[in-house]
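Asks: Chains A, B and C supply the protein sequences, listed in that same order.
Numbered according to numbering that gives the first Met the number 0, the first sequence spans residues 0 to 260.
Numbered according to numbering that gives the first Met the number 0, the second sequence spans residues 0 to 260.
Numbered according to numbering that gives the first Met the number 0, the third sequence spans residues 0 to 260.
Following this message is one structure expressed as structure tokens.
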Amino acid sequence: MRPIALLTDFGLSDPYVGQMKGVLTIKAPGAPLIDLTHEVEPFQVGQASFFLAASVAHFPADTIFVAVVDPGVGTQRRIVLVQCNDNYFLAPDNGLLGFVMHGTTAFAWDVSTHARGASSTFHGRDVFAPLAAKLATGESPSTLGEPINPTDLLHVEASTPTELSEDQAGCMVQAHVLHIDRFGNVVLSLLPGELFERIAPAEAAFQGAPRMVRAYGDLEHGELGLLSGSQGFMELAVNQGSAAEMLELSLGDIFALGMPD
Amino acid sequence: MRPIALLTDFGLSDPYVGQMKGVLTIKAPGAPLIDLTHEVEPFQVGQASFFLAASVAHFPADTIFVAVVDPGVGTQRRIVLVQCNDNYFLAPDNGLLGFVMHGTTAFAWDVSTHARGASSTFHGRDVFAPLAAKLATGESPSTLGEPINPTDLLHVEASTPTELSEDQAGCMVQAHVLHIDRFGNVVLSLLPGELFERIAPAEAAFQGAPRMVRAYGDLEHGELGLLSGSQGFMELAVNQGSAAEMLELSLGDIFALGMPD
Amino acid sequence: MRPIALLTDFGLSDPYVGQMKGVLTIKAPGAPLIDLTHEVEPFQVGQASFFLAASVAHFPADTIFVAVVDPGVGTQRRIVLVQCNDNYFLAPDNGLLGFVMHGTTAFAWDVSTHARGASSTFHGRDVFAPLAAKLATGESPSTLGEPINPTDLLHVEASTPTELSEDQAGCMVQAHVLHIDRFGNVVLSLLPGELFERIAPAEAAFQGAPRMVRAYGDLEHGELGLLSGSQGFMELAVNQGSAAEMLELSLGDIFALGMPD
Numbered sequence: 000m001r002p003i004a005l006l007t008d009f010g011l012s013d014p015y016v017g018q019m020k021g022v023l024t025i026k027a028p029g030a031p032l033i034d035l036t037h038e039v040e041p042f043q044v045g046q047a048s049f050f051l052a053a054s055v056a057h058f059p060a061d062t063i064f065v066a067v068v069d070p071g072v073g074t075q076r077r078i079v080l081v082q083c084n085d086n087y088f089l090a091p092d093n094g095l096l097g098f099v100m101h102g103t104t105a106f107a108w109d110v111s112t113h114a115r116g117a118s119s120t121f122h123g124r125d126v127f128a129p130l131a132a133k134l135a136t137g138e139s140p141s142t143l144g145e146p147i148n149p150t151d152l153l154h155v156e157a158s159t160p161t162e163l164s165e166d167q168a169g170c171m172v173q174a175h176v177l178h179i180d181r182f183g184n185v186v187l188s189l190l191p192g193e194l195f196e197r198i199a200p201a202e203a204a205f206q207g208a209p210r211m212v213r214a215y216g217d218l219e220h221g222e223l224g225l226l227s228g229s230q231g232f233m234e235l236a237v238n239q240g241s242a243a244e245m246l247e248l249s250l251g252d253i254f255a256l257g258m259p260d
Numbered sequence: 000m001r002p003i004a005l006l007t008d009f010g011l012s013d014p015y016v017g018q019m020k021g022v023l024t025i026k027a028p029g030a031p032l033i034d035l036t037h038e039v040e041p042f043q044v045g046q047a048s049f050f051l052a053a054s055v056a057h058f059p060a061d062t063i064f065v066a067v068v069d070p071g072v073g074t075q076r077r078i079v080l081v082q083c084n085d086n087y088f089l090a091p092d093n094g095l096l097g098f099v100m101h102g103t104t105a106f107a108w109d110v111s112t113h114a115r116g117a118s119s120t121f122h123g124r125d126v127f128a129p130l131a132a133k134l135a136t137g138e139s140p141s142t143l144g145e146p147i148n149p150t151d152l153l154h155v156e157a158s159t160p161t162e163l164s165e166d167q168a169g170c171m172v173q174a175h176v177l178h179i180d181r182f183g184n185v186v187l188s189l190l191p192g193e194l195f196e197r198i199a200p201a202e203a204a205f206q207g208a209p210r211m212v213r214a215y216g217d218l219e220h221g222e223l224g225l226l227s228g229s230q231g232f233m234e235l236a237v238n239q240g241s242a243a244e245m246l247e248l249s250l251g252d253i254f255a256l257g258m259p260d
Numbered sequence: 000m001r002p003i004a005l006l007t008d009f010g011l012s013d014p015y016v017g018q019m020k021g022v023l024t025i026k027a028p029g030a031p032l033i034d035l036t037h038e039v040e041p042f043q044v045g046q047a048s049f050f051l052a053a054s055v056a057h058f059p060a061d062t063i064f065v066a067v068v069d070p071g072v073g074t075q076r077r078i079v080l081v082q083c084n085d086n087y088f089l090a091p092d093n094g095l096l097g098f099v100m101h102g103t104t105a106f107a108w109d110v111s112t113h114a115r116g117a118s119s120t121f122h123g124r125d126v127f128a129p130l131a132a133k134l135a136t137g138e139s140p141s142t143l144g145e146p147i148n149p150t151d152l153l154h155v156e157a158s159t160p161t162e163l164s165e166d167q168a169g170c171m172v173q174a175h176v177l178h179i180d181r182f183g184n185v186v187l188s189l190l191p192g193e194l195f196e197r198i199a200p201a202e203a204a205f206q207g208a209p210r211m212v213r214a215y216g217d218l219e220h221g222e223l224g225l226l227s228g229s230q231g232f233m234e235l236a237v238n239q240g241s242a243a244e245m246l247e248l249s250l251g252d253i254f255a256l257g258m259p260d
């Protein structure tokens, strides 16, 4: 039985996630259920998109990801099923899968018909969970919906990594704040690879930028630093403090970083 | 092995829920453990009662529900086991099972003797979990306690749906706030069926009442509406906003709704 | 397959715990995963140490505990594996295992070499989870690292119970606040056994101390009391109120308690 990973903005204070798991236990008994997180900020599709992309590599190759951050629930927005490698993704077509599909070969199906006759306020339980159970118990995607062009799926602005471009005079890069974690670490939409490549030969310090370090503990207490974070992106961090508070950054903000000449 | 669903006001910041699961893993290894939620407001029996009633239909038919919101732990309050259909419910006798038993045929047992010699502060771990494990591993309710009359169980005021009565001149109904969810949606103790029946022929707008819609997304941004919610009751909602904040409603409040003449 | 219990300060709002479970599902499929809690206050090693010690007895005897509260992640601090009875414990060597090893016969291994080549910011996912999976699937501790003297492990001040000493004129004992739970109950570093032994013959009231009771419900509404708590230590409690607020106590504070002459 394939594992099912759950990602929502439902929180854990309501019985919503429990009810989804109840339905999954009815329809796919024995399938391992793994909570990715249910604390996506309400309606923050971009944040969920990042969580998903950052997590896929750490799950079994045949995992079914159910991602429900869905301000449009009950309206005409599509429900889509995407296959990348051997992973499946179920989500509303609102950009949530943008990050995870970035640069991959994907297949997609419109499975919206499964919402017919369902509740109009809780598709996580009444549409997504039953669909996930069908996949977990071996049904083929092609029996569940109509194939669609994966490039037709909606994208949100912050759902792709910032690209370093030359037309910024090589001195500045602007990145989105993808996420602020519990510790106040700020995840930027910057891929370490690109960044390190650019600054590699000189290993010069960024101009006016935080010190680049390898680990949180390499910083002095209260010092701001920049490091290649565990979620695949560059992170601003303060050792045992909050970089978000120090820099007054919020989800979705733009952070400008000086680059070496 | 029967699934065990857990509902408490223990929160997740203490090791309490983890210890309950440890005991269940010792005594009923392999039984699926499903968290309904552990974020019931401390001591809010009525809220827990609603969560349980709203969730039962979405769980396997043979689930054992362990519901521990228990301000009287360690005192003389009874511990009861209730069977409705093929579901079992373990709870303190404080009204928690009122909603879920409403209108059903139930059987009940007093299982308080299992608290003898147990800790006086954590029956969730030391009494309820071992009892649930006994049921999960196949013990019969009748071996666990003395049969009692299910109608003798305690009830709390808010533990049954509001009934629409004619003596209010047909123009007003007062409902309890059963729950305010993470999104600020306000669940009222009103069954959609009754309400829709009353207003069906004309489908007239309520006088001075929020607009009735089918889905959150059918509302304008920031508009207040009334809809048939996923938890089986009428809900006040604001599209991507908080109805509870807009109306300044709290758990247990009374909300008066104008009805068509 | 041995159960794996997880204790961290990662919270549940980030995808960190989900990613740890993803890795465990890849490397030890089928091993029961139990969350002890992930809401240890960030970097509060002493609190985590208490949670672990208070919980071990309620888990299966062969459980693997993965405890990651790790301000030094990515620095030179050691990663250790400890065996007490048939339980295994994986943790950074920062005092986290002090409480649970107190008074036991333990064996210990330095398993730090497994961090070579791993990320420098998320050892929970990249080092601890793979190590736990190895143990869960039957690898022997001695193949995972070098034996070390368990008494060489670091200890933190609050990681052992307060001992009652005579040189305090028999009239006062000072205890640490080990934990404040969701309900405002204050767990003190005082073992009930010692305390009860001291005051046993007379069962006299403490001088100027809160009333000693058996259960929360034995207190009047709003009354402060002292009881033998479910976590193995003495607790200050207010019936349906917060003892921490009433006494203005925080984690790590010292609370002085009058003792009978």
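Ideal placement from N, C-alpha and C gives every residue a C-beta, glycine not left out.
Per DSSP, C:I25 is paired with what?
Replies: Position 26 of the third sequence, counting from 1, holds the residue named residue 25 of chain C. The partner list for C:I25 (beta bridge, DSSP) is empty, contrary to what the question assumes.
Asks: Could you please give the first and the last residue of the uninterrupted alpha helix (DSSP H) stretch that includes A:M0?
Replies: As a position in the first sequence, residue 0 of chain A is number 1, starting the count at 1. Where A:M0 is concerned, there is no enclosing alpha helix (DSSP H), given that its DSSP letter is neither H nor E.
Asks: So the candidates are C:L96, C:H122, C:Q75 and C:S119; which of them puts its Cα closest to the Cα of C:T150?
Replies: Here residue 150 of chain C is taken as the residue at index 151 of the third sequence, counted from 1. The candidate whose alpha carbon is nearest that of C:T150 is C:L96.
Asks: Are B:Y87 and B:L134 close, meaning C-beta to C-beta below 7 angstroms?
Replies: Against the second sequence, residue 87 of chain B aligns to sequence position 88. Against the second sequence, residue 134 of chain B aligns to sequence position 135. It is a contact, given that the beta carbons lie within the stated cut-off.
Asks: Determine the direct distance from the alpha carbon of C:E40 to that of C:V72, and round the result to whole angstroms.
Replies: As a working note, residue 72 of chain C is residue 73 in the third sequence. As a working note, residue 40 of chain C is residue 41 in the third sequence. Distance between the alpha carbons of C:V72 and C:E40: 16 angstroms.
Asks: Using 8 angstroms for Cβ pairs, my map puts A:L177 next to A:F232. What's the rounded Cβ distance?
Replies: In the first sequence, counting from the first residue as 1, residue 177 of chain A sits at position 178. In the first sequence, counting from the first residue as 1, residue 232 of chain A sits at position 233. Confirmed, about 6 angstroms.
Asks: I need the boundaries of the beta strand (DSSP E) containing A:Q230, first residue and last residue.
Replies: The residue labelled residue 230 of chain A in the question sits at position 231 within the first sequence. Segment: none, A:Q230 is in no beta strand (DSSP E) and carries neither H nor E.
Asks: Secondary structure at C:D13, three-state DSSP: helix, strand or coil?
Replies: As a first step, residue 13 of chain C is located in the third sequence; it is residue number 14 there, counting from the start. DSSP places C:D13 in coil when its eight states are reduced to three.
Asks: What does the alpha-carbon distance come out to for the pair B:L190 and B:H175?
Replies: Position 191 of the second sequence, counting from 1, holds the residue named residue 190 of chain B. Position 176 of the second sequence, counting from 1, holds the residue named residue 175 of chain B. Using only the alpha carbons, I get a separation of about 12 angstroms.
Asks: Please report the straight-line C-alpha distance between C:G29 and B:I25, rounded to a whole angstrom.
Replies: Locating residue 29 of chain C in the third sequence gives position 30, where the first residue counts as 1. Locating residue 25 of chain B in the second sequence gives position 26, where the first residue counts as 1. The straight-line gap from Cα to Cα measures roughly 16 angstroms.
Asks: Give the secondary structure of C:H220 by DSSP, where H, G and I count as helix, E and B as strand, and everything else as coil.
Replies: By one-based count along the third sequence, residue 220 of chain C stands at place 221. In this structure, C:H220 counts as strand in the three-state DSSP scheme.
Asks: Leaving out five residues on either side along the sequence, give the residues of the same chain with a beta carbon under 6 angstroms from the beta carbon of A:E202.
Replies: The sequence position of residue 202 of chain A within the first sequence is 203, counting from 1. Low per-residue confidence applies at A:E202: pLDDT is 37, beneath 50, and the placement is therefore not dependable, though the value from the model is reported in the following sentence. Taken in chain order, the list of residues that qualify is empty.
Asks: Report yes or no: do the stretch 208 to 218 of chain C and the stretch 109 to 128 of chain B share at least 3 C-beta pairs separated by less than 8 angstroms?
Replies: The stretch 208 to 218 of chain C, when compared against the stretch 109 to 128 of chain B, does touch it at the 8 angstroms Cβ threshold.
Asks: Smallest Cα separation from C:G240: which of C:D61, C:P2, C:F182 and C:T74?
Replies: Counted from its first residue, the third sequence places residue 240 of chain C at position 241. That would be C:F182, whose Cα lies nearest to the Cα of C:G240.
Asks: What residue from C:F50, C:L152 and C:V65 has the CA that sits closest to C:R1's CA?
Replies: Counting from 1 along the third sequence, the entry for residue 1 of chain C is found at position 2. C:R1 has its Cα closest to that of C:V65, out of C:F50, C:L152 and C:V65.
Asks: Tell me whether A:G123 is buried or exposed, calling it buried when 16 or more other Cβ atoms sit within 10 Å of its Cβ.
Replies: Sequence index remark: in the first sequence, residue 123 of chain A carries index 124 (1-based). Label assigned to A:G123: buried.
Asks: In chain A, what lies closer than 7 angstroms to B:R213 by C-beta?
Replies: By 1-based counting over the second sequence, the position of residue 213 of chain B is 214. Those are G73 and S119, listed as they occur along chain A.
Asks: Which residues in the same chain as C:V126 place their Cβ atom closer than 8 angstroms to its Cβ, once the five residues preceding and following it in sequence are excluded?
Replies: Counting from 1 along the third sequence, the entry for residue 126 of chain C is found at position 127. Cβ neighbours of C:V126 beyond the five flanking positions: I78, H113, A114 and A117.
Asks: Residues bridged to C:V263 by DSSP?
Replies: Lying outside 0 to 260, the shown extent of chain C, residue 263 of chain C is not represented and no answer is given.
Asks: By the criterion of Cβ-Cβ separation under 7 angstroms, what are the contact partners of A:Q46 in chain B?
Replies: Locating residue 46 of chain A in the first sequence gives position 47, counting from the first residue. The premise fails here: A:Q46 is roughly 15 angstroms from chain B at the closest Cβ pair, so nothing lies under 7 angstroms.
Asks: In angstroms with no decimal places, state the Cα-to-Cα distance between B:N238 and A:L223.
Replies: Your numbering for residue 238 of chain B matches position 239 in the second sequence. Your numbering for residue 223 of chain A matches position 224 in the first sequence. Between B:N238 and A:L223, the C-alpha separation is close to 39 angstroms.
Asks: Only counting the same chain, and skipping five residues up and downstream in sequence, which positions put a Cβ closer than 6 angstroms to that of C:T136?
Replies: In the third sequence, counting from the first residue as 1, residue 136 of chain C sits at position 137. Closer than 6 angstroms at Cβ, skipping near neighbours: A27.
Asks: Extract the residue ranges of the alpha helix (DSSP H) inside the stretch 89 to 171 of chain A, only unbroken runs of 4 or more that lie entirely within it.
Replies: You should have 97 to 100 and 128 to 135.
Asks: Of all Cβ atoms in chain C, is any one closer than 7 angstroms to the Cβ of A:Q173?
Replies: For the purposes of this step, residue 173 of chain A is taken as residue 174 along the first sequence, with counting starting at 1. Judged by the 7 angstroms Cβ criterion, A:Q173 is not in contact with chain C.
Asks: Compute the beta-carbon to beta-carbon distance between A:V285 and A:S48, rounded to the nearest angstrom, for a pair I have assumed lies under 8 angstroms.
Replies: This structure leaves residue 285 of chain A out entirely; chain A is present only between 0 and 260.
Asks: What separation, rounded to the nearest whole angstrom, lies between the Cα atoms of B:A60 and B:N93?
Replies: Locating residue 60 of chain B in the second sequence gives position 61, counting from the first residue. Locating residue 93 of chain B in the second sequence gives position 94, counting from the first residue. Roughly 24 angstroms separates the two Cα atoms.
Asks: Contact criterion: CB-CB distance below 7 angstroms. Does C:S12 meet it with respect to chain B?
Replies: Within the third sequence, the letter at position 13 stands for residue 12 of chain C. Output row for C:S12: interface = no.
Asks: Check whether the Cβ of B:P91 lies closer than 7 angstroms to any Cβ atom in chain C.
Replies: As a working mapping, residue 91 of chain B is identified with position 92 in the second sequence. It does not: the Cβ of B:P91 has no partner Cβ on chain C nearer than 7 angstroms.
Asks: Less than 6 angstroms between C-beta atoms, sequence neighbours within five positions excluded: which residues of the same chain meet that for B:L153?
Replies: Position 154 of the second sequence, counted from the first residue, corresponds to residue 153 of chain B. Closer than 6 angstroms at Cβ, skipping near neighbours: D92, N93 and G94.
Asks: Looking only at its chain, what residues have a beta carbon closer than 6 angstroms to the beta carbon of B:Q173, apart from the 5 residues adjacent to it on each side?
Replies: Looking up residue 173 of chain B in the second sequence gives position 174. Excluding positions up to five away in sequence, the list reads I253 and A255.
Asks: Of all the CB atoms in chain C, is at least one closer than 7 angstroms to the CB of A:E275?
Replies: Residue 275 of chain A falls outside the range modelled here, since chain A spans only 0 to 260, and no answer is possible.
Asks: Which of the three DSSP states is assigned to B:L250 in this structure?
Replies: Start at 1 with the first residue of the second sequence, and residue 250 of chain B comes out as number 251. Note: B:L250 maps to coil in three-state DSSP.
Asks: Using the beta-carbon of each residue, which ones in chain B are nearer than 9 angstroms to A:F42?
Replies: As a working note, residue 42 of chain A is residue 43 in the first sequence. The answer, in chain order, is F182 and Q239.
Asks: Distance cutoff 7 angstroms, beta carbons only. Does A:T7 sit that close to anything in chain B?
Replies: As a first step, residue 7 of chain A must be located in the first sequence, where it is residue number 8. No - not a single Cβ of chain B is within 7 angstroms of the one on A:T7.
Asks: If distances are taken between C-alpha atoms only, which option among B:Q230, B:Q18, B:T7 and B:A52 comes closest to B:F98?
Replies: In the second sequence, the residue the question calls residue 98 of chain B occupies position 99. Looking at the Cα atoms, B:A52 is the closest of the given residues.
Asks: Is C:S141 close to chain B, meaning its C-beta is less than 7 angstroms from at least one C-beta of that chain?
Replies: Taking the first residue of the third sequence as 1, we reach residue 141 of chain C at position 142. By this cut-off, C:S141 is not an interface position.
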